[in-house]
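K.L.:
Quick one: the structure is below, and I'll ask about it shortly.
Protein chains: 2
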Amino acid sequence: MNEIEIIMGNAQEAFDSYKTLSPTKRAGFLHEIASALEAAREQLVPVAHEESNLPLPRLNGELTRTTNQLKMFARLIEEGSWIEAVIDTADENRTPRKPDTRKMLLPVGPVVVFGASNFPFAFSTAGGDTASALAAGSSVIIKGHSSHARTSQLVFEAMQKAIAKTGVHPYTVQHVLGSGSTVGKALVEHPYTTAVGFTGSFNGGKALWEYANRRETPIPVFAEMSSINPVVFLPDTLRANAAALAKQYAASITLGMGQFCTNPGLLIAVQSEALDQFLGLLGEEFTRINPEKMLNSNIHSSYYTALNKALEQKGIEKVGEAGKNAGEGEAFPTVAKVKAGIFLQNPHFREEVFGPYSLAVCCENKDELKTVLRQLKGQLTTTIMATDTDIAGNGDIIDLQTTLAGRIILNDVPTGVEVCASMVHGGPFPATTDGRFTSVGTSAIKRWVRPVCFQGFKDSMLPDALKNNNPLKIWRIVNNEWTNAPI
Amino acid sequence: MNEIEIIMGNAQEAFDSYKTLSPTKRAGFLHEIASALEAAREQLVPVAHEESNLPLPRLNGELTRTTNQLKMFARLIEEGSWIEAVIDTADENRTPRKPDTRKMLLPVGPVVVFGASNFPFAFSTAGGDTASALAAGSSVIIKGHSSHARTSQLVFEAMQKAIAKTGVHPYTVQHVLGSGSTVGKALVEHPYTTAVGFTGSFNGGKALWEYANRRETPIPVFAEMSSINPVVFLPDTLRANAAALAKQYAASITLGMGQFCTNPGLLIAVQSEALDQFLGLLGEEFTRINPEKMLNSNIHSSYYTALNKALEQKGIEKVGEAGKNAGEGEAFPTVAKVKAGIFLQNPHFREEVFGPYSLAVCCENKDELKTVLRQLKGQLTTTIMATDTDIAGNGDIIDLQTTLAGRIILNDVPTGVEVCASMVHGGPFPATTDGRFTSVGTSAIKRWVRPVCFQGFKDSMLPDALKNNNPLKIWRIVNNEWTNAPI
């Protein structure tokens, strides 16, 4: 595949140039991309709407999130402590002599980013993966998602304006369209590729991870794949807040027609009158939710295949559904329930149904609820809905949840992922291929770097971050103490 | 394999208890292990000497390094900032409301550590992998190395005394002997195992990594595998310091009979009279080095197989060798040279020869030298020997070296790995399976944890590291600012 050869050669050349730019220059480039996207808003949003069926207000908000992410990474690299500068100065008097050693994080090389169907802006062409990789100093090759190819191309064109304006290497960002199993595979397998970012299906992410591991030199793949985001409802809150909870969760389950990685797909509680009441109210809420168009025909047909398969399982019972029929391309919001005893016997219930669907699991008692939690696979999020009375006796449940996911939420919904330094949008396999990293928030930059130690280097030879006089004025660990002072 | 089932059940139970201990308690346990090892020194060192053929002074030094490592990790977790506490407080006035999110690193679960043949103390039973995993809050299952099984058992017994004395869960550390391809494989494949530490051969490390990746839930394997640690000699230093360099490098290549992962196995320079002189002096130095016993018969026979294979290659020329014949079990120190043109054609020359052997690569010019560097696989270290004059014109060589290894050394030897916060003992594949981590120094603890975000938690429910009043008094990032103050 000659085209890939040319693209990757360009990406390597761009990396060799781009990685030498100062953090200030890289931050300036990120700001220019944000400005170029903002300038193209009137053009971008309608095309994304046409391609994705997502509502205009949502897309406008997503574009703002995208530009904010770019600015956040710009601030991060200007602040500079993310590079983890650690310095141990020499000790000539020790026997044996202690050398001067200094380490920091350096970018690994060209990064391949796969656009995600469900976020045409924030997790695609100029989304979080791209922004964090550019911030780290990587060149980026974007494999645009076919379901919003025109949006992807337009976003790329905006990025090219920022490239022209700032004079960074012209191939710092490249854009390619095509199938994941041919073009995507070839990009992952190319020897110049050093890391991969992906948000999508389990099968898609797992395949990329396998290509990467079969390389002569394996590379990391950060694939965010599948999660059913279990929510535990404790008894006191169900008694006290059934109606409010029903409203809150009906909205969260069907938000964006359930096409979020953090969609609450599993509602777990111990059987009680209050639970029955809550599920009744939840069912009622669903009748007031209208079917809407899904992102594309693949996702639409996958939803119905998965939904019908779920509803065919022995012991499942529908709790509620949308009050009117779904039109062409539309999802049909549905909520069902099953006894935990049956749930535990049937691994099918633990699979993700990507769309506006959730399954309530009704447990005989707390022990069974804990067994359900123990049987789940790794998740992006898990939530606990609880009053103070509930919390008092149920630390063991929260402990179990902590082992299960990257983010544990108290008394809120998992949909809505705050973009900030403390966010973890990641989790144990199969939620992601690598639960040690996040794809949202400033820490997402850590996916594209590795530490390098410089031993015995003269001050003038060291990167600025490690120089004695601390020209970047960053926080560092110097001889085991945190400081932003010069040495 | 019923024994493994029992061991891993115990390890999980121990983890559930041990992870709840405060950093101070865990630090106390590490200190007790160090004391117990110190108390057993007179017993441990002679047995290790008998099993490994390593000289007594080296083993005494290695045991001190081992106890120092334990104390270093104790200090690290008492200081506490390693857990990367990041806090973003809520903003009720923002639309939508900004939630309170707080993240930190938490231990992942039971860790399997494989003892290394070449470091019976520092990279084995109570070595750096075990110390860092215990510091992180993991329970540890040690697969003792068969070539020092008695030493491993004695070290484990010392650790058991520390367990008894501190009252930590009795199965916090467990010890098992047996073959890597049966017992080791079963440990890596067990569902309760969450991470693996290994130092040894490429084939051994790669096999463990493959077992781990074939699991239903893949887990990280931190295998430090193979490195030839290329050293670049620039012309001016060869002219000025040939005799000193020859002495320094003859000693480094043959230190511990070359049985170090950081042994300088490749000496690269541009052809010159000074290079010829240096190689002549290096050869002379070798005649003064005596053959010594290697670690075990496998390593001994592997050395001769690899050495003979290397010396059979077309274009290779011996530069020097030990002045007397090798006795039974002894290595025969050897240094050879080859023209870069031939080196570049024959991938065999890039394979590690584990033992007191090094190959000089003589380049026609600087461009060829850079081609040699570009063709090398990932390394633990790479070194540049250079005067100020040399450095001035050769930044491009140092840049290339920076992409190659975890540690770049100026004017020193790669053997000798300082145990400190800024050390990187790791490097791109195949030096290790994961170049983003180190197995030496405080950062080694990062291998056994993953980040977890707590959203909307009440202060009393949060781990101490994330509480408002900062009871651990650690450095944290609060609303994007570094601080050790309470909130």
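First to last, the protein sequences are chains A and B.
Position 62 (the first sequence) corresponds to 62 in the working numbering; numbering is contiguous.
With positions in the second sequence counted from 1, the corresponding number in the working numbering is that position plus 487.
For glycine and all other residues, C-beta sits at the position ideal for the given N, C-alpha and C.
1) Can you tell me the Cα-Cα spacing of histidine 635/B and histidine 175/A, whole angstroms?
2) Give, in chain order, every unbroken run of the beta strand (DSSP E) that is at least 3 residues long and sits entirely within the segment 299-336 of chain A.
3) By the 10 Å Cβ neighbour count, where 16 or more other Cβ atoms means buried, how is leucine 543/B classified, buried or exposed?
4) Would you say the beta carbon of isoleucine 829/B is closer than 6 Å to some non-hydrogen atom of the ligand ZN?
5) Give me the subset of the segment 901-915 of chain B whose CB atoms are less than 8 Å from a CB atom of chain A, sorted by chain position.
6) Going along the chain, which residues of its own chain have a beta-carbon closer than 7 Å to the beta-carbon of alanine 11/A, five neighbours each way excluded?
7) Just the chain A side, please: which residues come within less than 9 Å of isoleucine 574/B by C-beta, in chain order?
8) Between cysteine 748/B and chain A, is the shortest Cβ-Cβ distance under 7 Å, so that the two count as touching?
9) Taking contact to mean 3 or more Cβ pairs, one atom from each stretch, closer than 8 Å, check whether the segment 329-345 of chain A and the segment 279-296 of chain A are in contact.
10) Starting from asparagine 898/B, find everything on chain A with Cβ-Cβ shorter than 9 Å and list it in chain order.
11) At what residue ranges does the segment 624-670 of chain B contain a whole run of the alpha helix (DSSP H), taking only runs of 4 or more?
12) Less than 7 Å between the beta carbons of leucine 725/B and leucine 762/B, yes or no?
13) To the nearest angstrom, how far is it from the Cα of leucine 782/B to the Cα of threonine 612/B?
14) Determine the closest residue to isoleucine 829/B out of Asp503/B, Glu808/B, Ile803/B, Ser845/B, with distance taken between C-alpha atoms.
15) Which partner residues of aspartate 578/B appear in the DSSP bridge assignment?
16) Among Glu490/B, Thr507/B, Asn580/B, Leu846/B, which one has its Cα closest to the Cα of alanine 952/B?
17) Residues of chain B with a CB under 8 Å from the CB of leucine 106/A: which are they?
18) Determine contact between the segment 254-269 of chain A and the segment 396-406 of chain A, defined as no fewer than three beta-carbon pairs at a distance below 8 Å.
19) For a contact meaning CB atoms closer than 8 Å, what does serine 509/B contact in chain A?
20) Sorted by chain position, which residues of the same chain lie with C-beta nearer than 6 Å to serine 504/B's C-beta, five sequence neighbours on each side aside?
21) Residues of chain A with a CB under 9 Å from the CB of serine 568/B: which are they?
22) Does any CB atom of chain A fall closer than 7 Å to the CB of arginine 701/B?
23) Quick check on DSSP: helix, strand or coil for glutamate 284/A?
24) Of all the CB atoms in chain B, is at least one closer than 7 Å to the CB of proline 57/A?
25) Say whether chain B places a C-beta atom closer than 7 Å to the C-beta of glycine 137/A.
26) Listing by chain order, which chain A residues have their CB less than 9 Å from the CB of glycine 922/B?
27) Provide the residue span of the beta strand (DSSP E) that contains phenylalanine 709/B, from first to last.
28) Would you mind working out which of Pro220/A, Phe222/A, Val335/A sits nearest alanine 246/A, comparing C-alpha positions?
29) Which value, in whole angstroms, describes the spacing of the CA atoms of valine 642/B and asparagine 555/B?
30) Pull up the distance between the alpha-carbon of valine 231/A and that of methionine 257/A, whole angstroms please.
31) Rounded to whole angstroms, what is the Cα-Cα separation between glycine 283/A and glutamate 321/A?
32) Using a threshold of 7 Å, state whether the C-beta atoms of alanine 892/B and glutamine 866/B are closer than that.
33) Give a yes or no on whether the minimum CB-CB distance between isoleucine 397/A and chain B is below 7 Å.
34) Use the C-beta contact count for isoleucine 493/B: other C-beta atoms within 10 angstroms, 16 or more gives buried, fewer gives exposed.
35) For leucine 472/A, name the three-state secondary structure that DSSP assigns.
36) What residues in the segment 728-758 of chain B have a beta carbon less than 7 Å from any beta carbon of chain A?
P.N.:
Let me spell this out:
1) The straight-line gap from Cα to Cα measures roughly 55 Å.
2) Here the runs fully enclosed are 317-321.
3) With fewer than 16 Cβ atoms within 10 Å of its Cβ, leucine 543/B is classed as exposed.
4) Among the ligands in the structure shown, none appear at all, so the ligand ZN cannot be discussed.
5) In summary, the residues of the segment 901-915 of chain B whose CB is separated from some CB of chain A by less than 8 Å are Gly903, Glu905, Cys907, Ala908, Ser909, Met910, Val911, Gly913, Pro915, in the order they occur in the chain.
6) Hits under 7 Å: Pro110, Ser139, Ile141, Tyr171, Gln174, Tyr192.
7) Chain A residues near isoleucine 574/B: Ala421, Ser422.
8) At a cut-off of 7 Å, the C-beta of cysteine 748/B has no neighbouring C-beta in chain A.
9) When Cβ pairs closer than 8 Å are counted between the two stretches, the segment 329-345 of chain A is seen to touch the segment 279-296 of chain A, the count reaching three or more.
10) Near asparagine 898/B (Cβ distances below 9 Å), the residues of chain A are Gly456.
11) List check, alpha helix (DSSP H) in window: 636-653.
12) Leucine 725/B is a Cβ neighbour of leucine 762/B, given a cutoff of 7 Å.
13) Approximately 17 Å between the Cα atoms of the pair.
14) Answer by Cα proximity: Ile803/B.
15) DSSP output for aspartate 578/B lists Lys585/B as bridge partner(s).
16) When each option's Cα is compared against that of alanine 952/B, the closest is Thr507/B.
17) Residues of chain B passing the Cβ test: Thr889.
18) Here the segment 254-269 of chain A makes no contact with the segment 396-406 of chain A; the two share fewer than three CB pairs at distances below 8 Å.
19) By Cβ distance, chain A contributes nothing, its closest Cβ being about 16 Å from serine 509/B, past 8 Å.
20) Setting aside the 5 residues that flank it on each side, serine 504/B is surrounded in the same chain by His656, each with a C-beta closer than 6 Å to its C-beta; the list follows chain order.
21) For the C-beta of serine 568/B, the chain A residues within less than 9 Å are, from N- to C-terminus, Ile477, Trp482.
22) No, arginine 701/B lies away from the interface with chain A (no Cβ there is under 7 Å from its Cβ).
23) Note: glutamate 284/A maps to helix in three-state DSSP.
24) Chain B, which has no Cβ nearer than 7 Å to the Cβ of proline 57/A, makes this no.
25) Chain B, which has no Cβ nearer than 7 Å to the Cβ of glycine 137/A, makes this no.
26) Going along chain A in sequence order, the residues near glycine 922/B (Cβ under 9 Å) are Val108, Arg450, Pro451.
27) It spans 708-711 - the beta strand (DSSP E) in which phenylalanine 709/B sits, taken as one unbroken run.
28) Measuring C-alpha to C-alpha distances from alanine 246/A to each of Pro220/A, Phe222/A, Val335/A identifies Val335/A as the nearest.
29) Roughly 15 Å separates the two Cα atoms.
30) The straight-line gap separating the alpha-carbon atoms of valine 231/A and methionine 257/A is approximately 18 Å.
31) Their backbone Cα atoms lie some 7 Å apart in a straight line.
32) Cβ distance < 7 Å, so alanine 892/B and glutamine 866/B count as in contact.
33) At a cut-off of 7 Å between beta carbons, isoleucine 397/A makes no contact with chain B.
34) Taking all protein chains shown into account, isoleucine 493/B has fewer than 16 neighbouring C-beta atoms within 10 Å of its C-beta and is therefore exposed.
35) Reduced to three states, the DSSP call for leucine 472/A is coil.
36) Answer set for the segment 728-758 of chain B: empty.
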